[in-house]
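Numbering that gives the first Met the number 0 puts the first residue of the sequence shown at 0, with every later residue one more than the last.
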Amino acid sequence: MVEATLSGASHHILTNDYASEWMGIEVLKIDDGHATIRMHLRQEMLNGFGMAHGGMIFAFGDTAFALACNPANPTPKQAANITVASGVDINFIKPAFQGQVITAVANRRASTGRSGLYDIQIYAADPDATPDTAPGELIAEFRGRSRTISKK
């Protein structure tokens with residue numbers, strides 16, 4: 000299970016999220032329509048060029064997206080539904096490397112009915128960076144389109 004971190008933030012959807020656990024994702028902040036997370040890039044997350052695999056960056060952004068889309072403390076009515084990706088686009092801007100800390104900042108841009116639009120910026124910084132400092136250099140822009148559906 001992904002643990003609550005510095006801010007004490009946690010989210011129920013991470014309880015059985017074994018991919019996020021394997022990635023070592025830390026939740027820094029959760030608000031309605033917002034999430035900030037980070038992780039350390041490890042050797043097994045690299046591609047053959049020695050940089051972060053695009054799939055790792057995508058999965059990391061997708062977790063931030065999911066956390067921003069779903070309420071951390073859902074009401075009984077909200078608990079009957081989940082919000083999932085209906086489509087995403089990612090633009091890789093710069094590479095990230097082993098030992099760097101990457102941070103994703105997800106924000107809701109629009110929401111109407113069962114649909115939403117979210118922007119997630121992903122940054123890379125040296126390992127001594129703290130959440131209180133700038134998140135680093137922008138390495139990817141992720142845009143997610145969401146749809147709320149019945150949990151069934």
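In this text, a Cβ means the ideal position worked out from N, Cα and C, and glycines have one as well.
Kindly indicate which three-state DSSP category Leu45 falls into: helix, strand or coil? Locating residue 45 in the sequence shown gives position 46, counting from the first residue. If DSSP states are grouped into helix, strand and coil, Leu45 belongs with the strands.
For the putative contact between Ala95 and Ala58, defined by C-beta atoms under 8 Å, what is the C-beta separation to the nearest angstrom? The residue given as residue 95 occupies position 96 in the sequence shown. The residue given as residue 58 occupies position 59 in the sequence shown. About 13 Å separates the CB atoms of Ala95 and Ala58; that is not less than 8 Å, and the two are not in contact.
Sort Leu27, Ser114, Asp125 and Arg113 by Cα distance to Leu66 and report the nearest one. If you number the sequence shown from 1, residue 66 lands on position 67. Looking at the Cα atoms, Leu27 is the closest of the given residues.
Taking the C-alpha atoms as reference points, what is the distance between Ala84 and Thr35? If you number the sequence shown from 1, residue 84 lands on position 85. If you number the sequence shown from 1, residue 35 lands on position 36. Separation of Ala84 and Thr35 (C-alpha to C-alpha, rounded to the nearest whole angstrom) is 18 Å.
Would you kindly check if the distance between the Cβ of Ile121 and the Cβ of Gly60 is under 8 Å? Position 61 of the sequence shown, counting from 1, holds the residue named residue 60. Position 122 of the sequence shown, counting from 1, holds the residue named residue 121. Taking a C-beta distance under 8 Å as the contact criterion, Gly60 and Ile121 qualify as a contact pair.
Three-state secondary structure assigned by DSSP to Ala3: Against the sequence shown, residue 3 aligns to sequence position 4. Only weak support exists for where Ala3 lies, its pLDDT of 43 falling under 50; the value from the coordinates is given anyway. Collapsing the DSSP output to three states places Ala3 in a strand.
Going by beta carbon distance, what residues of the same chain come within less than 6 Å of Ile119, once the five residues before and after it are set aside? Locating residue 119 in the sequence shown gives position 120, where the first residue counts as 1. Exclusion of the five residues before and after Ile119 leaves Gly60, Ala63, Phe64, Ala103, Ala105 and Phe141 as the residues of its chain whose Cβ lies within less than 6 Å of its Cβ.
I believe Lys93 touches Glu136 by the beta-carbon criterion, under 8 Å. Please report the beta-carbon distance rounded to the nearest angstrom. Locating residue 93 in the sequence shown gives position 94, where the first residue counts as 1. Locating residue 136 in the sequence shown gives position 137, where the first residue counts as 1. Sure, about 6 Å apart at Cβ, within 8 Å.
Since I believe Ile101 is in contact with Leu45 (beta carbons under 8 Å), could you give me their beta-carbon distance rounded to a whole number of angstroms? Here the question's residue 45 lines up with position 46 in the sequence shown. Here the question's residue 101 lines up with position 102 in the sequence shown. Not quite, the Cβ-Cβ distance comes to about 13 Å (not below 8 Å), so this is no contact.
Please list the terminal residues of the continuous alpha helix (DSSP H) segment that includes Gly53. Translated into positions along the sequence shown, residue 53 becomes position 54. Run containing Gly53: Gly53 to Cys68, per the alpha helix (DSSP H) assignment.
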